[in-house]
Amino acid sequence: MSETKTGGIKPKHQRLVLLVIALVALIGAGLLAAYALSNQASYFYVPADLVKDPPEQGRAIRLGGMVEKGSLKTRTDGVTIDFVVGDGMSKVPVRFTGITPDLFVEGSGVVAEGRMEGQTFVADNLLAKHDENYVPRQMGDMTQAQAKAVVAETK
Amino acid sequence: MIAELGLAVLWMAAALAALQLFAGVVALRPGGAAMTGLVRPLAIMQGVLVAISFLALIDLFLETDLTVKLVAENSHSMKPFIFKLAGTWGNHEGSMLLWVTIMAMSGGIVALVEKRLREDTLIATLAGQAFVSLGFYAFLLLSSNPFERLPEAVPEGAGLNPLLQDIGLAFHPPTLYVGYVGLSVAFSFAIGALVTRDVGPAFARAMRPWVLGAWIFLTIGITAGSYWAYYTLGWGGWWFWDPVENASLMPWLAATALLHSASVLASRNALRAWTVMLGVIAFSMSMVGTFLVRSGILTSVHAFAVDPERGSFILALLAIYIGGAMALFGFRASTVTEGERFSLFSREGSLVFNNVMLCGTLAIVLLGTLYPLMTEAFDAKVSVGPPYFNPVSAIFVIPMMLMMSVGPLLRWRKDKPGRITAVVAIPALVTALALLAVVVFAPGIRILPIIGIAVGAGLAVGSWMPLKGRNLRRTPLSVYGMVVAHFGIGVALLGAASESAFSTERLAAMNVGDTQQVGPITVKLLSIAPVAGPNWTALDATVTASYKDGAPVTLHPQARTFSSPPGERTESALHTRWNGQLYAVLGKEGDDGRWQMRFWWKPFVPLLWLGGLLVALGGILSLLGRVAHDVRRLRAEGKIAYRKARLENLK
Numbered sequence: 392m393s394e395t396k397t398g399g400i401k402p403k404h405q406r407l408v409l410l411v412i413a414l415v416a417l418i419g420a421g422l423l424a425a426y427a428l429s430n431q432a433s434y435f436y437v438p439a440d441l442v443k444d445p446p447e448q449g450r451a452i453r454l455g456g457m458v459e460k461g462s463l464k465t466r467t468d469g470v471t472i473d474f475v476v477g478d479g480m481s482k483v484p485v486r487f488t489g490i491t492p493d494l495f496v497e498g499s500g501v502v503a504e505g506r507m508e509g510q511t512f513v514a515d516n517l518l519a520k521h522d523e524n525y526v527p528r529q530m531g532d533m534t535q536a537q538a539k540a541v542v543a544e545t546k
Numbered sequence: 061m062i063a064e065l066g067l068a069v070l071w072m073a074a075a076l077a078a079l080q081l082f083a084g085v086v087a088l089r090p091g092g093a094a095m096t097g098l099v100r101p102l103a104i105m106q107g108v109l110v111a112i113s114f115l116a117l118i119d120l121f122l123e124t125d126l127t128v129k130l131v132a133e134n135s136h137s138m139k140p141f142i143f144k145l146a147g148t149w150g151n152h153e154g155s156m157l158l159w160v161t162i163m164a165m166s167g168g169i170v171a172l173v174e175k176r177l178r179e180d181t182l183i184a185t186l187a188g189q190a191f192v193s194l195g196f197y198a199f200l201l202l203s204s205n206p207f208e209r210l211p212e213a214v215p216e217g218a219g220l221n222p223l224l225q226d227i228g229l230a231f232h233p234p235t236l237y238v239g240y241v242g243l244s245v246a247f248s249f250a251i252g253a254l255v256t257r258d259v260g261p262a263f264a265r266a267m268r269p270w271v272l273g274a275w276i277f278l279t280i281g282i283t284a285g286s287y288w289a290y291y292t293l294g295w296g297g298w299w300f301w302d303p304v305e306n307a308s309l310m311p312w313l314a315a316t317a318l319l320h321s322a323s324v325l326a327s328r329n330a331l332r333a334w335t336v337m338l339g340v341i342a343f344s345m346s347m348v349g350t351f352l353v354r355s356g357i358l359t360s361v362h363a364f365a366v367d368p369e370r371g372s373f374i375l376a377l378l379a380i381y382i383g384g385a386m387a388l389f390g391f392r393a394s395t396v397t398e399g400e401r402f403s404l405f406s407r408e409g410s411l412v413f414n415n416v417m418l419c420g421t422l423a424i425v426l427l428g429t430l431y432p433l434m435t436e437a438f439d440a441k442v443s444v445g446p447p448y449f450n451p452v453s454a455i456f457v458i459p460m461m462l463m464m465s466v467g468p469l470l471r472w473r474k475d476k477p478g479r480i481t482a483v484v485a486i487p488a489l490v491t492a493l494a495l496l497a498v499v500v501f502a503p504g505i506r507i508l509p510i511i512g513i514a515v516g517a518g519l520a521v522g523s524w525m526p527l528k529g530r531n532l533r534r535t536p537l538s539v540y541g542m543v544v545a546h547f548g549i550g551v552a553l554l555g556a557a558s559e560s561a562f563s564t565e566r567l568a569a570m571n572v573g574d575t576q577q578v579g580p581i582t583v584k585l586l587s588i589a590p591v592a593g594p595n596w597t598a599l600d601a602t603v604t605a606s607y608k609d610g611a612p613v614t615l616h617p618q619a620r621t622f623s624s625p626p627g628e629r630t631e632s633a634l635h636t637r638w639n640g641q642l643y644a645v646l647g648k649e650g651d652d653g654r655w656q657m658r659f660w661w662k663p664f665v666p667l668l669w670l671g672g673l674l675v676a677l678g679g680i681l682s683l684l685g686r687v688a689h690d691v692r693r694l695r696a697e698g699k700i701a702y703r704k705a706r707l708e709n710l711k
């Protein structure tokens with residue numbers, strides 16, 4: 392902005408002008424942030440929410456729940472896995488390509504970051520508990536009654 | 061005995077801080093001059109005592125004194141020496157003691173060396189420093205006592221989180237803390253200057269080396285932390301917009317803005333209220349960062365102390381200090397008289413632009429970091445990641461970086477656009493050519509990396525333009541500092557954009573003897589064998605990599621299993637070439653006996669950290685230049701005073 396103006400303002404207004412510029416920029420930043428956040432924040436779902444009120448396809452979300460026992464299968468390429476995440480009420484199939492976290496096993500809790508593609512949740516990243524003290528916070532926070540069992544089992 | 065000594069000394073230091081605050085307040089009142097001489101020695105004593113206390117804690121960790129709760133919970137007798145040492149601050153209590161230590165010692169150094177400031181402003185500053193320290197002493201002594209004894213000694217310590225058992229722990233937290241807490245000095249200077257109504261160039265000159273020093277440490281700490289996360293987490297990324305990363309970025313943004321506005325105030329006596337305001341904001345951001353990290357309120361690998369009581373304690377401190385400082389600013393802002401005026405098209409104008417853009421970026425990062433907390437109040441769990449931070453912050457960062465090729469060329473106060481168009485044309489041309497080259501030769505890249513490469517290339521060239529037409533031997537060191545730091549920003553941007561645009565990834569299940577291609581590199585898995593370290597065992601893969609048809613080099617990515625405490629960590633292997641880096645990770649063994657392996661070829665990614673280090677180097681050059689200049693001036697003033705005195709005697 393200061394590139395183009397050559398300082399034609401009256402000196403006595405200088406402070407005011409600087410203040411206004413700063414305020415406009417900050418309010419602009421705030422509005423921009425509010426707008427972008429409402430579009431880009433990724434919401435946390437448990438399988439029951441996903442089934443009840445599915446998000447639009449391709450929107451970045453997080454899915455938390457338990458890896459169903461007996462559901463974990465590795466494809467022939469050796470690096471893509473399919474498994475089912477459940478919360479005791481509903482189940483969602485998940486696909487993930489990559490190296491799984493160390494404590495990712497059937498019957499334990501997981502938070503997956505990714506998006507819905509068709510009926511399958513495609514995960515970009517899996518968060519499992521790092522060690523016995525570290526449980527992803529969202530997992531501890533599922534709050535709904537059905538998630539309590541999940542959390543109890545993860546601990 | 062050592063633990064009791066450490067605790068006693070810490071209490072004494074806290075008492076001295078209380079006394080320092082009291083003496084400072086009395087000294088500033090009419091008739092309190094008797095107390096004036098007391099404040100400086102108190103500040104120095106306090107710094108010495110806290111340093112002793114911190115040394116005591118280091119000693120406990122080095123000896124692995126298992127009767128002390130903190131040591132038992134966080135250390136282990138079998139740990140290598142460097143992690144015993146670094147383990148001192150690899151936990152909540154120890155890191156808060158480090159915080160207080162740095163804070164008290166910097167107060168002591170201010171008391172020892174600061175000679176330019178008006179005496180009453182200095183006393184108000186030291187009283188402010190004592191006031192801020194007191195809150196953290198209270199926090200440490202009342203809710204996070206590092207020296208607490210156990211009723212009886214445990215047979216063995218619980219050990220350190222494997223993720224933290226890395227050489228990075230020895231450097232990354234202390235440098236960041238020096239940066240965070242160094243800003244408390246700027247905060248105290250701002251408070252002092254407001255209290256004594258002494259906001260002017262002298263205040264800015266006194267504050268500037270502290271801001272510069274803190275900023276250098278923050279820059280190094282962020283760069284080191286980014287590289288640590290890059291090679292240790294095995295995700296191949298270097299910045300995750302993790303709340304704790306943001307917590308270090310926000311003070312850096314504020315300190316960068318403060319640095320530039322302080323230089324306007326020091327040289328031109330303008331932007332007075334603005335500089336004071338930024339001084340308050342910069343340290344506030346440090347405290348917000350500490351709050352986010354220490355309260356465990358946000359999900360993060362850094363959040364090792366999840367304790368609501370501590371969270372509310374720090375929140376209370378935040379409210380007192382930030383609220384108090386803002387209130388003081390509100391009351392006194394009208395007494396800060398307007399500084400020198402300037403035309404919008406001037407050095408000052410460009411620095412105002414830079415400041416506003418930095419504050420805009422700061423607002424974006426702050427809102428994005430706090431947004432999950434705000435929505436949680438309405439029972440919606442969200443997380444905010446790169447899809448928000450990258451494009452939205454770019455809206456402010458990109459114009460600022462374009463301006464960085466223009467601003468340093470402008471004259472103070474008033475300038476004409478015609479004078480610099482010929483010089484600005486060079487980086488503008490480079491930017492345009494880079495843009496064209498990327499669009500033509502590398503189609504299909506996303507828009508942000510394209511802009512990043514173009515702007516980074518322009519800045520890398522444009523940053524040198526201020527030296528054009530100058531006598532290079534007579535150019536002050538601080539100008540070189542600015543040039544190098546701006547160049548570093550351009551280099552880092554090139555590295556980041558190139559990583560994001562041109563990285564190739566290969567994820568595969570491999571048998572021993574298999575080869576894979578990743579970018580221009582052919583990798584071959586030769587063998588996998590178990591190896592053992594002092595407190596871990598690992599599976600160690602031997603991988604050869606050859607660039608195009610060149611000679612192969614050997615890499616050893618590992619999957620480590622730690623015994624105390626139990627945990628696993630992938631140890632990535634890196635091979636750095638002049639034009640990029642190969643990154644190799646060993647995953648798990650599949651049911652069919654194949655090994656999951658992950659490789660990245662990341663062209664020019666080392667530029668990113670090289671750029672960060674260049675930025676810090678620029679800061680160091682600038683600091684050296686400023687300090688040398690101040691020392692020369694003090695010496696000259698001393699000589700003049702001496703000659704005057706002798707002349708008087710002769711008379």
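As given, the protein sequences belong to chains L and H, one line each in that order. With the numbering used here applied, the first sequence closes on residue 546, and no number is skipped along the way. With the numbering used here applied, the second sequence closes on residue 711, and no number is skipped along the way. All C-beta atoms, glycine included, are put in the ideal place defined by N, C-alpha and C.
- Task: Report the three-state DSSP secondary structure of H/GLY555 (helix, strand or coil).
- Result: helix
- Query: How is the alpha helix (DSSP H) around H/HIS232 delimited, first residue to last?
  - Reply: 227-255
- Query: Is L/ASN516 helix, strand or coil when you go by DSSP?
  - Reply: In the structure shown, L/ASN516 falls within a strand segment according to DSSP collapsed to helix, strand and coil.
- Item | Three-state secondary structure assigned by DSSP to L/MET457 | If DSSP states are grouped into helix, strand and coil, L/MET457 belongs with the strands.
- Item | Own chain, CB closer than 8 Å to H/TRP472, minus 5 neighbours either side, in chain order | SER327, ARG328, PHE402, SER406, ARG407 and GLU408
- Do the CB positions of H/GLY712 and H/THR124 come within less than 8 Å of each other? With chain H represented from 61 up to 711, any question about residue 712 of chain H goes unanswered, as that position is not in the structure.
- Query: Count the other CB atoms within 10 Å of the CB of H/VAL603; is the residue buried (16 or more) or exposed (fewer)?
  - Reply: Counting Cβ neighbours within 10 Å, H/VAL603 comes out buried, since at least 16 surround it.
- Note down, in chain order, each residue of its chain lying with its Cβ closer than 6 Å to the Cβ of H/ARG706, except the 5 sequence neighbours on either side. There are no such residues.
- Query: What does H/SER443 pair with, by DSSP beta-bridge criteria?
  - Reply: Per DSSP, L/SER433.
- CA-to-CA distance, H/ALA75 to H/LYS528, given in whole angstroms: 55 Å
- Cross-chain neighbours of H/GLY445 in chain L, by beta carbon under 7 Å: SER433
- By the criterion of Cβ-Cβ separation under 7 Å, what are the contact partners of H/ALA569 in chain L? ASP468, GLY469 and VAL470
- Task: Quick one: grab the DSSP three-state call for H/ASP600.
- Result: strand
- Could you spell out the range, first to last residue, of the alpha helix (DSSP H) harbouring H/GLU631? Element bounds for H/GLU631: not the alpha helix (DSSP H) but the beta strand (DSSP E), 627-631.
- Mind listing which residues of the stretch 625-650 of chain H have their C-beta closer than 9 Å to chain L's C-betas, in chain order? PRO625, PRO626, GLY627, GLU628, ARG629, THR630, VAL645, LEU646, GLY647, LYS648 and GLY650
- Over what stretch of residues does the beta strand (DSSP E) that includes L/ARG486 continue unbroken? For L/ARG486, the uninterrupted beta strand (DSSP E) segment begins and ends at 482-488.
- Query: Under a CB-based cut-off of 8 Å, is L/GLN448 close to chain H?
  - Reply: no
- Give me whichever residues DSSP pairs with H/LYS704 in a beta bridge. In DSSP, H/LYS704 forms no bridge with anything.
- Query: Does any C-beta atom of chain L lie closer than 8 Å to the C-beta of H/ILE505?
  - Reply: Residue-level contact check: H/ILE505 does not touch chain L, since none of the beta carbons of chain L fall below 8 Å from its beta carbon.
- Message: Between L/ASP515 and chain H, is the shortest Cβ-Cβ distance under 8 Å, so that the two count as touching?
- Response: no
- Message: Among the candidates H/ALA393, H/THR283 and H/GLY294, whose CA atom is the shortest distance from the CA of H/ILE251?
- Response: H/ALA393
- Message: I'd like the list of long-range same chain contacts for H/PHE664, defined as Cβ closer than 6 Å, with 5 residues on each side in sequence excluded.
- Response: Correct list, in chain order: GLY555, SER558 and GLY640.
- Task: Reducing DSSP to helix, strand and coil, say where H/HIS320 ends up.
- Result: helix
- Helix, strand or coil at H/SER587 [DSSP, three-state]: Of the three classes helix, strand and coil, the one that applies to H/SER587 here is strand, per DSSP.
- Query: Between the stretch 264-283 of chain H and the stretch 195-215 of chain H, are three or more C-beta pairs nearer than 8 Å?
  - Reply: no
- H/LEU634 in three-state terms, based on DSSP: The DSSP-derived three-state label of H/LEU634 is strand.
- Query: From the beta carbon of H/VAL412, is the nearest beta carbon of chain L less than 8 Å away?
  - Reply: Under the Cβ distance rule, H/VAL412 counts among the residues neighbouring chain L, one pair being separated by less than 8 Å.
- Cβ of L/GLY421 within 8 Å of any chain H Cβ: yes
- Query: In the structure shown, what three-state DSSP assignment does H/VAL128 receive?
  - Reply: Looking at H/VAL128 - three-state DSSP - the assignment turns out to be strand.
- Message: Along the stretch 402-417 of chain L, where does the CB come closer than 7 Å to a CB of chain H? Name the residues.
- Response: PRO402, GLN405, ARG406, LEU409, ILE412, ALA413, ALA416 and LEU417
- Taking DSSP as the reference, what is the three-state secondary structure of H/LYS528? coil
- Task: Give the DSSP-derived three-state secondary structure of H/SER360 in the structure shown.
- Result: Confidence is the limiting factor: at H/SER360 the pLDDT is only 46, short of 50, which leaves the residue's position unreliable and the question unanswerable from this model.
- Measure from the alpha carbon of H/GLY297 to the alpha carbon of each residue in H/GLU565, H/GLY573 and H/GLN618, then state which is nearest. H/GLU565
- Message: Please classify H/LYS139 as buried or exposed, where buried requires at least 16 other C-beta atoms within 10 Å of its C-beta.
- Response: buried
- From L/SER462 to H/LYS662, what does the alpha carbon distance come to, in whole angstroms? 35 Å
- Item | Between the CA atoms of H/VAL86 and H/GLY168 - distance to the nearest angstrom | 20 Å
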